[in-house]
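These notes are about the structure you will find just below.
Written as structure tokens, this is what we have:
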């Protein structure tokens, strides 16, 4: 059974409709910008509803079965920012590196290189081209070019493409007595001395420079070294001197202050939605915070916030 037949059987779409969607897939994206936390904007390319159906079929029926390196802490079951931070709780020093324009830097050629070494249930030349059309954004054209921020398949594709580099970095770190993890575009290295971390950074930069696929650059503005005595941040969480993971004092104070305002009916619906999200963040990463908020403000107040329906904002 070829790819068109498989998708048609699974989705209920006719083969003609599947072929029509695939033909123009790289251009079937809605574009919008969202502000970055530290200034500037990020371009989101959201696939159309029809294209997303095809992408999810490939993701759930095939891509999700392919191997992801165990040092990759994002976009895989049981892996998250908390698990990423936990890997570094014993560290005296931490090095952080970040890739620039991570998803758009992963190109069609990288996927083709990956596919040379991995079998597919659809190995025909026509099907290989169709898969590329489904997975890769055309940057406002019909020619597939790169991954988009917004497609449900982009995270998994990035993990698959990074497998070889993750293996190299993890193996080298293990030999040196260091700990390496990657959360999407965010690399964390810990252990040893600052000198060892800087030496390993040179190794990473050298391998990235020599890598033909993928071609990635370090975002110099986000590079950081955290030494003893400094607050250590790992993917937004704090690694404490007591070898624990925390959401940080600032967030805890903000959550408490917003709950107090909620009790005084001083929050609008958007602010309640933000507070609800922050409580969810605390539950996932430092559950003791929720217990303290319940003790301080009462179960009824906290439950009311968590049960509040927040209408989705139109894009």
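Numbering (the numbering used here), first residue to last: 1 to 315.
Virtual Cβ for every residue (Gly too), placed ideally from N, Cα, C.
Query: Please name the residue in 305, 15 and 75 whose C-alpha comes closest to that of residue 183.; Result: 75
Query: Roughly how many angstroms separate the alpha carbons of residue 44 and residue 280, rounded to a whole number?; Result: 24 Å
Query: List the residues that DSSP assigns as beta-bridge partners of residue 99.; Result: 218
Query: State the CB to CB distance for the pair residue 59 and residue 152, rounded to an integer number of angstroms; the pair is presumed to be in contact (CB under 8 Å).; Result: 6 Å
Query: Drop a sphere of 10 angstroms on the beta-carbon of residue 230, count the other beta-carbons inside from all chains shown, and report buried for 16 or more, exposed for fewer.; Result: exposed
Query: So who's on the other strand from residue 181, going by DSSP bridges?; Result: 188
Query: Only counting the same chain, and skipping five residues up and downstream in sequence, which positions put a Cβ closer than 6 Å to that of residue 42?; Result: 34 and 36
Query: From the DSSP output, read off the bridge partner residues of residue 224.; Result: 96
Query: Could you spell out where the beta strand (DSSP E) holding residue 42 opens and where it closes?; Result: 41-47
Query: Rounded to the nearest angstrom, what separates residue 200 and residue 262 at their Cα positions?; Result: 48 Å
Query: Please classify residue 72: does DSSP put it in a helix, a strand, or coil?; Result: strand
Query: Going by the CB atoms, is the gap between residue 2 and residue 99 shorter than 8 Å?; Result: no
Query: Counting C-beta neighbours from all protein chains within 10 Å, is the total for residue 32 16 or more, i.e. buried, or is it exposed?; Result: exposed
Query: With DSSP as the reference, please indicate the residues paired to residue 246 in a beta bridge.; Result: 238
Query: Would you list the residues sitting across from residue 33 in a DSSP beta bridge?; Result: 43
Query: Residue 84: buried (16+ other C-beta within 10 angstroms of its C-beta) or exposed?; Result: buried
Query: Unbroken alpha helix (DSSP H) runs of length 4 or more, entirely within the region 249-304: which are they?; Result: 249-263, 269-285 and 288-297
Query: Which residue's Cα is closest to the Cα of residue 312: 150, 192, 257 and 274?; Result: 274
Query: Is residue 69 buried or exposed, if buried means 16 or more other CB atoms sit within 10 Å of its CB?; Result: buried
Query: Can you tell me where the alpha helix (DSSP H) holding residue 212 begins and where it ends?; Result: No alpha helix (DSSP H) contains residue 212, which DSSP labels as neither H nor E.
Query: For the region 136-156 against the region 46-66, do three or more pairs of beta-carbon atoms, one drawn from each stretch, fall closer than 8 Å, so that the two count as touching?; Result: yes
Query: Roughly how many whole angstroms lie between the Cα atoms of residue 9 and residue 18?; Result: 11 Å
Query: With a threshold of 16 other CB atoms inside 10 Å of the CB of residue 265, please say whether the residue is buried or exposed.; Result: exposed
Query: State the CB to CB distance for the pair residue 163 and residue 104, rounded to an integer number of angstroms; the pair is presumed to be in contact (CB under 8 Å).; Result: Actually they are not in contact, since the Cβ atoms of residue 163 and residue 104 sit about 19 Å apart, beyond 8 Å.
Query: Which residue or residues does DSSP assign as beta-bridge partners of residue 62?; Result: None, per the DSSP bridge assignment.
Query: Going along the chain, which residues of its own chain have a beta-carbon closer than 7 Å to the beta-carbon of residue 113, five neighbours each way excluded?; Result: 213
Query: At the level of alpha carbons, what is the spacing between residue 308 and residue 276?; Result: 8 Å
Query: Check residue 172 in the structure and name its three-state DSSP category.; Result: helix
Query: If we call anything under 8 Å between Cβ atoms a contact, is residue 135 one with residue 157?; Result: yes
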